[in-house]
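See below for the structure under consideration.
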Amino acid sequence: MERISSIVKHLNPGSALNQIQAKNPDDVVITLAARTPLTKARKGGFKDTSLEYMIFALLDQVRERSNLDPALVEDIRMGNVSDGKAAYKLRAGPSPPASPTHRRRRP
Numbered sequence: 001m002e003r004i005s006s007i008v009k010h011l012n013p014g015s016a017l018n019q020i021q022a023k024n025p026d027d028v029v030i031t032l033a034a035r036t037p038l039t040k041a042r043k044g045g046f047k048d049t050s051l052e053y054m055i056f057a058l059l060d061q062v063r064e065r066s067n068l069d070p071a072l073v074e075d076i077r078m079g080n081v082s083d084g085k086a087a088y089k090l091r092a093g094p095s096p097p098a099s100p101t102h103r104r105r106r107p
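At the far end of the sequence shown sits residue 107, using UniProt numbering, and the numbering has no gaps.
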């Protein structure tokens with residue numbers, strides 16, 4: 001039965017546009033896009049700043065600016081072009097289950 005309904009959708013003219021515009025619960029929703037400032041490589045203002053620290057600071061600002069419940073975040077994508085080991089460093093940092101929902105400032 002499912003196959004027949006799929007074939008009917010292919011034969012029905014104009015249904016492709018409706019299918020593309022239809023809202024689904026698993027649609028991608030981008031709530032915030034952010035980036036770190038641009039500086040000169042190996043000479044700029046962030047030359048002594050580690051990638052891990054920049055990831056932490058960036059995710060901290062994203063959490064504050066997005067006004068989203070962290071429990072609703074299903075996926076985070078990050079990229080880096082300067083550090084050859086960035087894929088390994090970026091993999092663990094932004095994973096939603098590892099994202100803390102509460103912070104405590106300690107002296």
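Where is the CB? At the ideal position from N, CA and C, for every residue including glycine.
Predicted, not measured: the structure shown is a model, and the values here were computed from it.
Can you list the alpha helix (DSSP H) stretches of 4 or more residues lying completely in the UniProt domain "Thiolase N-terminal" (28-84), in chain order?
If we require 4 residues or more, the alpha helix (DSSP H) runs fully inside the UniProt domain "Thiolase N-terminal" (28-84) come out as 51-66.
Ends of the alpha helix (DSSP H) at K23?
No alpha helix (DSSP H) contains K23, which DSSP labels as neither H nor E.
Member of L38, N18 and L32 whose CA lies at the smallest distance from the CA of R65:
Minimum Cα distance to R65 is reached at L32.
Taking the alpha carbon of P37 as the point to measure from, which residue in V73, I55, N24 and P25 has its own alpha carbon closest?
Nearest C-alpha to P37: I55.
Tell me the rounded alpha-carbon separation between Q61 and S5.
If you take the alpha carbons of Q61 and S5, they lie about 47 Å apart.
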